[in-house]
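The sequence shown begins at 69 in the numbering used here and counts up by one. Note that the Cβ used here is the ideal one computed from N, Cα and C, for glycine as well. Keep in mind the model is a prediction, meaning the values are calculated, not measured.
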Amino acid sequence: MNLNAVIEDPNPIGWRFDNTYSLLPEAFFAPAKPSTVSAPRLVILNHRLADDLGLDLTRLSPEAAASLFTGQDLPSGSLPIAQAYAGHQFGNFTMLGDGRAILWGEHRSPIGQLVDIQFKGAGPTRFTRRGDGLAALGPMLREYIISEAMFALGIPSTQSLAVATTGESVFRESRLQGAILTRVAASHIRVGTFQYAAATQDESNLQLLADYTISRHYPELAGSPNRYAKFFQAVLERQAALIARWQLVGFIHGVMNTDNMAISGETIDYGPCAFMNAYSPETVFSSIDHAGRYAYKNQPSIAQWNLARFAEALLPLLDPEQDKAIVIATEMLNQFSTLFEQYWLAGMRAKLGLENAAAGDLELAQSLLIWMQKAQADFTNTFRDLSEDELPAKDRYQDPDFRVWHARWQLRLNGQNRPRNEAHAAMRGVNPAVIPRNHRVEEALTAAQDHDDLSVLNRLLATLAMPYEVQTDTAIYQEPPADDCHYRTFCGT
Ligand code: AMP
Ligand code: MG
Numbered sequence: 069m070n071l072n073a074v075i076e077d078p079n080p081i082g083w084r085f086d087n088t089y090s091l092l093p094e095a096f097f098a099p100a101k102p103s104t105v106s107a108p109r110l111v112i113l114n115h116r117l118a119d120d121l122g123l124d125l126t127r128l129s130p131e132a133a134a135s136l137f138t139g140q141d142l143p144s145g146s147l148p149i150a151q152a153y154a155g156h157q158f159g160n161f162t163m164l165g166d167g168r169a170i171l172w173g174e175h176r177s178p179i180g181q182l183v184d185i186q187f188k189g190a191g192p193t194r195f196t197r198r199g200d201g202l203a204a205l206g207p208m209l210r211e212y213i214i215s216e217a218m219f220a221l222g223i224p225s226t227q228s229l230a231v232a233t234t235g236e237s238v239f240r241e242s243r244l245q246g247a248i249l250t251r252v253a254a255s256h257i258r259v260g261t262f263q264y265a266a267a268t269q270d271e272s273n274l275q276l277l278a279d280y281t282i283s284r285h286y287p288e289l290a291g292s293p294n295r296y297a298k299f300f301q302a303v304l305e306r307q308a309a310l311i312a313r314w315q316l317v318g319f320i321h322g323v324m325n326t327d328n329m330a331i332s333g334e335t336i337d338y339g340p341c342a343f344m345n346a347y348s349p350e351t352v353f354s355s356i357d358h359a360g361r362y363a364y365k366n367q368p369s370i371a372q373w374n375l376a377r378f379a380e381a382l383l384p385l386l387d388p389e390q391d392k393a394i395v396i397a398t399e400m401l402n403q404f405s406t407l408f409e410q411y412w413l414a415g416m417r418a419k420l421g422l423e424n425a426a427a428g429d430l431e432l433a434q435s436l437l438i439w440m441q442k443a444q445a446d447f448t449n450t451f452r453d454l455s456e457d458e459l460p461a462k463d464r465y466q467d468p469d470f471r472v473w474h475a476r477w478q479l480r481l482n483g484q485n486r487p488r489n490e491a492h493a494a495m496r497g498v499n500p501a502v503i504p505r506n507h508r509v510e511e512a513l514t515a516a517q518d519h520d521d522l523s524v525l526n527r528l529l530a531t532l533a534m535p536y537e538v539q540t541d542t543a544i545y546q547e548p549p550a551d552d553c554h555y556r557t558f559c560g561t
């Protein structure tokens with residue numbers, strides 16, 4: 069035996085695949101293979117996320133990383149599949165599935181959490197309908213930026229591990245650089261996955277999916293006699309909490325179709341999403357959302373609408389008698405608004421430095437919003453200004469309506485036993501100084517796409533990584549865009 073022989077580590081990066089989704093019946097997925105591409109090149113790698121996942125990506129040469137993150141060389145243990153699902157898109161039911169996404173498999177992190185590792189833009193699958201299965205660099209970097217911002221804000225979200233270009237062209241309105249995003253998610257099980265299971269008309273599919281999802285995301289419910297009702301209730305709670313978090317930072321998802329609502333409670337599918345600047349409940353950025361179905365103010369009611377579709381899919385599991393199942397589901401669904409409002413109001417209290425609850429708090433928060441809308445005040449900056457020990461000297465804060473509100477708020481703060489500077493410090497911990505402003509995101513994407521310059525994007529990411537802290541660059545990222553009314557976002561297709 070030659071003891072000096074170099075034994076090559078077969079898994080230097082540390083992948084720990086444990087592919088559980090593909091144990092579901094075959095109806096739920098189809099084998100898939102990333103397309104061969106001509107010139108893989110790594111654009112960005114998320115080392116912070118890699119660390120969290122127990123992956124040592126520093127062991128990869130740039131070529132090996134490019135090859136890995138374009139699916140040219142998948143690690144052993146991966147089992148690439150495309151997932152089947154359905155969904156209501158702008159209210160219309162359609163059979164969908166991963167048309168341009170491929171799940172490599174599930175990886176177990178050092179803390180034992182199972183996460184999906186998925187490609188977006190790696191070529192067609194069995195579920196590709198009219199599309200090409202591809203993605204362009206801009207939208208994939210956009211998802212990277214916004215998902216990182218959401219993570220740093222502490223809002224449940226899928227995350228982005230890498231973006232690589234393929235060397236292929238992608239044709240949209242113009243010719244664009246093809247790219248692949250590697251996305252990490254608690255899972256990609258959606259409301260639409262349940263709608264799909266229900267549509268197979270095979271109740272065992274539905275039950276297997278429900279039990280699988282419970283064991284993956286709500287393990288405390290496994291084995292419980294009423295587990296499907298409790299499961300629905302738990303999903304409803306997570307969505308109420310999530311949408312409240314969105315509203316409290318002015319995040320507009322833009323395409324809240326039922327296939328874009330994750331059962332895990334994470335924000336998923338960053339297409340035409342964007343953050344609101346001046347407070348206006350009607351705000352909608354998506355170029356295809358003509359009726360404003362997914363406008364800022366509609367997000368809570370749309371979440372409830374989506375949950376009603378989820379309940380419909382689950383009915384056979386809630387009770388063998390449909391009438392009884394409907395009663396059970398309706399009762400739970402009706403709690404959504406109250407739950408949402410509780411989460412929202414708790415968040416608003418924190419934003420306003422209130423550590424206890426008092427009658428009138430809802431009205432206090434609402435009257436601030438009414439003033440902000442009238443004054444076209446920036447949502448993020450107004451809350452941040454209120455968090456400073458000294459309110460910045462801006463003209464709009466001299467408005468008599470604001471003064472009246474401010475005096476009321478001061479009175480309310482005086483009623484709690486908390487030094488004012490402590491209240492302000494707590495407020496700065498929940499009111500971000502920076503959000504990914506539309507013009508700053510666009511500027512970073514333009515530099516990356518048109519000039520191969522990632523420095524703008526990296527500076528933006530560094531600031532967004534600590535949104536509650538004031539850093540060197542913070543001030544330039546706090547400035548709202550000059551003209552926001554005409555800003556339009558596009559589904560990242
Ligand atoms: P999205 O609006 O990104 O959530 O996508 C809705 C559906 O369209 C999903 O089933 C996607 O897989 C599919 N899809 C979106 N873009 C493409 C594309 N370029 N090629 C194939 N399928 C796509
Ligand atoms: Mg989607």
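Evaluate the contact criterion for the region 108–118 versus the region 216–228: three or more CB pairs, one atom per stretch, below 8 Å.
With the cut-off at 8 Å, the region 108–118 and the region 216–228 touch.
Which value, in whole angstroms, describes the spacing of the CA atoms of residue 538 and residue 501?
So the alpha carbons of these two residues sit roughly 7 Å apart.
Distance cutoff 9 Å, beta carbons only. Does residue 159 sit that close to anything in chain C?
Although the question refers to chain C, the structure presented lacks it and comprises just one protein chain.
Report back the beta-carbon spacing between residue 126 and residue 167 to the nearest angstrom; my notes put them in contact at under 8 Å.
Going by Cβ atoms, the distance from residue 126 to residue 167 rounds to 34 Å, so no, they are not a contact pair.
Count the other C-beta atoms from every protein chain shown that fall within 10 angstroms of the C-beta of residue 155, then say buried if there are 16 or more, exposed otherwise.
Its Cβ being crowded by 16 or more others within 10 Å, residue 155 is buried.
Quick one: what's got a C-beta closer than 8 Å to residue 523's C-beta in the same chain, skipping five residues either side?
Cβ within range, chain order: 515.
Between the region 493–510 and the region 530–537, do three or more beta carbon pairs fall short of 8 Å?
At 8 Å Cβ cutoff, the stretches touch.
Enumerate in chain order the residues of its own chain whose CB-to-CB distance from residue 455 is below 7 Å, with the five nearest sequence positions on each side excluded.
The residues are 492, 495, 496 and 499.
Tell me the DSSP secondary structure of residue 260 in three-state form.
Reduced to three states, the DSSP call for residue 260 is helix.
Check whether the region 466–473 touches the region 416–427, taking contact to mean three or more Cβ pairs, one atom from each stretch, closer than 8 Å.
Too few Cβ pairs lie closer than 8 Å, so no.
Do the CB positions of residue 374 and residue 406 come within less than 9 Å of each other?
Taking 9 Å as the Cβ cut-off, residue 374 and residue 406 do not qualify as a contacting pair.
Scan the region 112–195 and note each continuous alpha helix (DSSP H) run of 4 residues or more that stays entirely inside, going in chain order.
DSSP runs (the alpha helix (DSSP H)) wholly in the region 112–195: 115–120 and 130–136.
Mark residue 341 as exposed unless 16 or more other C-beta atoms lie within 10 angstroms of its C-beta, in which case mark it buried.
Residue 341 should be labelled buried.
If we ignore side chains and look at the alpha-carbon of each, how far apart do residue 124 and residue 386 end up?
Taking the straight line from one Cα to the other gives about 44 Å.
Taking C-beta to C-beta, are residue 247 and residue 259 nearer than 9 Å?
Not a contact, by the Cβ cut-off of 9 Å.
Taking only three categories from DSSP, how would you classify residue 502?
DSSP places residue 502 in coil when its eight states are reduced to three.
Assess contact between the region 138–147 and the region 172–184, defined as three or more Cβ pairs (one per stretch) separated by less than 8 Å. Is contact present?
Taking 8 Å as the limit for Cβ pairs, the verdict is that the region 172–184 does touch the region 138–147.
Which stretch, first to last residue, makes up the alpha helix (DSSP H) that contains residue 317?
295–317 is the extent of the alpha helix (DSSP H) around residue 317.
Distance, Cα to Cα, residue 146 vs residue 185?
For residue 146 and residue 185, the distance between alpha carbons rounds to 9 Å.
Using DSSP with H/G/I as helix, E/B as strand and the rest coil, what is residue 206?
In this structure, residue 206 counts as helix in the three-state DSSP scheme.
If you follow the alpha helix (DSSP H) that residue 572 is in, where does it begin and where does it stop?
Only positions 69 to 561 of the chain appear in this structure, which leaves residue 572 out of reach.
Counting Cβ pairs closer than 8 Å, one from the region 355–364 and one from the region 309–326, do we hit at least three?
Yes: the two stretches touch, three or more of their Cβ pairs being nearer than 8 Å.
Under 8 Å from any heavy atom of ligand 1, does the C-beta of residue 317 make it?
No, ligand 1 has no heavy atom inside 8 Å of this Cβ.
Do residue 331 and residue 261 have their CB atoms nearer than 9 Å?
Against a cut-off of 9 Å, the Cβ pair of residue 261 and residue 331 comes out as a contact.
For the beta strand (DSSP E) that residue 99 lies in, which residues bound it at each end?
Residue 99 -> beta strand (DSSP E) spans 97–99.
For residue 413 versus residue 433, is the C-beta distance shorter than 9 Å?
Yes.
Pull the bridge partners of residue 227 from the DSSP assignment, please.
DSSP output for residue 227 lists 252 as bridge partner(s).
Mapping the DSSP letters down to three states, classify residue 281 as helix, strand or coil.
Reduced to three states, the DSSP call for residue 281 is helix.
Out of 273, 481 and 310, state which residue places its alpha-carbon closest to the alpha-carbon of residue 222.
The shortest C-alpha separation from residue 222 is found at 310.
Pull the bridge partners of residue 110 from the DSSP assignment, please.
Its beta-bridge partners are 232.
Hey, how far is the Cα of residue 353 from the Cα of residue 364?
Between residue 353 and residue 364, the C-alpha separation is close to 10 Å.
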